[in-house]
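When you read off a place in the sequence shown, starting at 1, and then add 22, the result is the number in our numbering.
In this text, a Cβ means the ideal position worked out from N, Cα and C, and glycines have one as well.
Encoded as structure tokens, the structure appears first; notes follow it.
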Amino acid sequence: MAIFRRTLRIARNLLLGLMALFALLLSAIQVHQRLMRANAERLYGEVISFELLKTSGTDAERKLSHWGSRLQREGNCETGECNLAVRSADWVASLKIFANHEWLIRDYSWVGGRAAIFDGGVQIANGVVSRKGFSVAIENIAPPDETGRWHYYLRGGLVQSVSSFREHSLGQCGEVRQGHPEYCVTNPYDCAKCAYEEVYFTPFAPASDVARISEINFYCMTRWSPCRKIADVFPGAAADYVAEDKRFESEFGNLSIANQQEVRIWWMRQPWIHAREAENAVIAEVVWTGEIPMPRGYESTKPYPGAKLRLVEKLKGAKDWAPGELRNLYIGKNHPIGPPEMYASMRVGARFIVLFGPEMNRDRLDAFYYSAWPLNDVNLAQVKFGISRDYLDRYPLMP
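Printed below as a string of structure tokens:
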């Protein structure tokens, strides 16, 4: 009888010990998750609070210095040219034991663990904050399906300032920017197990719009019920994209694909917007008109109507256009983009403002996007305004 009681007491103590150990582990995970969420919220608030092109690099570095060893510096901050970034991950993403034992990851989610990673930072150029950004990704694990397979779901996104949208995919930031050329919410990369929302904005975007589209629901990092939709993590951005997509479909959904493409390049029909997006802008004079042979790779195509241009003045970029060198400009349907009346005015001696991408002697409009505008005071003022909004040359991206 004594042996039975002793065995029962050992079993009870062992059970209580296991329960205490589980409670301790559960508490540790929850504390860790909430500390990580608090750190993510704090970093996000700090990064977003910096005023682009206004906050000094010294102030930004001082405000982020409390992160200690987690603050990564790249470049020379003393000369006002550096990157500052803070990155953090939870146990699943940072400890090798989880990578080597997948069953731990599955069990981790059952006790409230959420595999997550976040980072945020700024670029300092010419002594001021020229760029800022924050990203977060949260992984959820669903129960096994009827085949016994486990499924992992990743939800996340990026909030990033830009000088112009050519730094990123113009295809993603096309028609959805119409009406608000200073910010863009991309079509979320979405699949069965992942979704990623991207928010881009310039320093000139209204603060109220930036606050709305860059809202992040950090509660997804700690809630027991996982956030399964991208709208759960980025509610403002997701709602904005859905609204813009519905508007485009209602207004232009019945158009042909070709006409929809015309709508998608609406920004090229706004001189100041295209001047901001284009890598190069020049004033050029027509010295010849006629048929221009197609460039290499398109020799089988018939010659295309066009003009030869002589450089008059560089407004932006165009570093490889030497004085006296002639460049081809294809004209006709879709070449170049601009007012219809411009085609008839493309005559010898006429001057135009030409906005173009990396190459000029290419025929495919979607390869480099160019437009030409008659040189007059109105167009020149708009182009110069657009160029002033693109500060990439003054605050270049660090390699």
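Worksheet entry | Whole-number beta carbon distance between Ile409 and Ala303, since they are thought to touch under 8 angstroms | 6 angstroms
Discussion item. Do Ala261 and Glu219 have their beta-carbon atoms positioned less than 8 angstroms apart in this structure?
Written reply: no
Worksheet entry | Outcome for Trp310 when other beta-carbon atoms lying within 10 angstroms are tallied against a minimum of 16 | exposed
Practice prompt. With DSSP as the reference, label Phe223 as helix, strand or coil.
Written response: strand
Item to complete: Go ahead and label Asp342 buried or exposed: buried means 16 or more other beta carbons lie within 10 angstroms of its beta carbon, across all protein chains shown.
Response: exposed
Practice prompt. Name the two residues that bound the continuous alpha helix (DSSP H) containing Thr80.
Written response: 79 to 86
Discussion item. Check whether the segment 72 to 86 and the segment 245 to 259 are in contact - that is, three or more C-beta pairs closer than 8 angstroms.
Written reply: no
Item to complete: Could you tell me which of Ala297, Glu96, Glu68 sits nearest to Tyr413, measuring between CA atoms?
Response: Ala297
Practice prompt. Just confirm the distance between the C-beta atoms of Ala394 and Phe374, as a whole number of angstroms; I'd bet it's less than 8 angstroms.
Written response: 4 angstroms
Discussion item. In whole angstroms, give me the CA-to-CA distance for Ala340 and Arg411.
Written reply: 18 angstroms
Worksheet item: Do you know how far the Cα of Gln52 is from the Cα of Leu92?
Response: In the sequence on display, residue 92 carries Arg and not Leu. C-alpha separation (whole angstroms): 22 angstroms.
Item to complete: Pick helix, strand or coil for Tyr205, following the three-state DSSP scheme.
Response: strand
Item to complete: Please confirm if Lys76 has its CB atom under 8 angstroms from at least one CB of chain D.
Response: Within the model displayed, chain D is absent; a lone protein chain is all it includes.
Worksheet entry | Residues that DSSP places opposite Glu335 in a beta bridge | Ile305
Worksheet item: Are Ala372 and Ile353 closer than 8 angstroms when you measure CB to CB?
Response: no
Practice prompt. Report all residues from its chain with a CB closer than 6 angstroms to the CB of Val158; omit the five preceding and five following residues, and keep chain order.
Written response: Phe140, Gly178
Worksheet entry | Which residues DSSP lists as bridging Arg95, in chain order | Leu106
Item to complete: With DSSP collapsed to three states, give me the class of Ala138.
Response: strand
Practice prompt. Classify Ser230 as buried or exposed, calling it buried when 16 or more other Cβ atoms lie within 10 Å of its own Cβ.
Written response: exposed
Worksheet item: What is the DSSP secondary structure of Asp388, counted as helix, strand or coil?
Response: Here the model assigns Asp388 a pLDDT of 35, short of 50, so the residue's position is not dependable and the matter cannot be decided.
Worksheet entry | For Gly149 and Gly346, the rounded distance between their alpha carbons | 38 angstroms
Worksheet item: Ordered along the chain, which non-local residues of its own chain (more than five positions away) have a Cβ less than 7 angstroms from that of Met58?
Response: Ser110, Asp112, Ala138, Met243
Item to complete: Report yes if the C-beta distance between Pro206 and Phe187 is below 8 angstroms; otherwise report no.
Response: According to the sequence as given, residue 206 is Cys; it is not Pro. A contact, by the Cβ cut-off of 8 angstroms.
Worksheet entry | Which of helix, strand or coil DSSP assigns to Pro248 | coil
Item to complete: Give every residue of the same chain whose Cβ lies closer than 6 angstroms to the Cβ of Gln182, excluding the five residues on either side of it in the sequence, and list them in chain order.
Response: Gly155, Tyr222
Discussion item. So if DSSP puts Val375 in a beta bridge, which residue, or which two residues, is it bridged to?
Written reply: A small correction: the amino acid at residue 375 is Ile; Val does not occupy that position in the sequence shown. Partner(s): Ile305, Trp395.
Worksheet entry | Nearest to Trp294 (by Cα), restricted to the options Gly312, Ala306, Tyr263, Lys338 | Lys338
Worksheet item: Contact check, Phe240 vs Glu63 under 8 angstroms by CB: the rounded distance?
Response: 5 angstroms
Discussion item. Since Glu335 and Ile305 should fall inside the 8 angstroms C-beta cutoff, what is the C-beta to C-beta distance between them, to a whole number of angstroms?
Written reply: 4 angstroms
Discussion item. Is it buried or exposed, Pro439, if we count other Cβ atoms within 10 angstroms and call 16 or more buried?
Written reply: Given a span of 23 to 421 for the chain in the structure shown, any question on residue 439 remains unanswerable.
Worksheet entry | Contacting residues, own chain, Cβ-Cβ under 8 angstroms from Ser87 (five flanking each side not counted) | Leu93
Practice prompt. Give me the Cβ distance between Arg245 and Asn162, rounded to the nearest whole Å; I'm assuming they're in contact under 8 angstroms.
Written response: With a Cβ gap of about 10 angstroms, Arg245 and Asn162 do not count as contacting.
Discussion item. Could you pull the DSSP bridge partners for Phe270 from this structure?
Written reply: DSSP lists no partner for Phe270.
Item to complete: Rounded to whole angstroms, what's the CA-CA distance from Arg95 to Glu273? Just pull it up for me.
Response: 48 angstroms
Worksheet entry | Which residues DSSP lists as bridging Val144, in chain order | Leu106, Lys154
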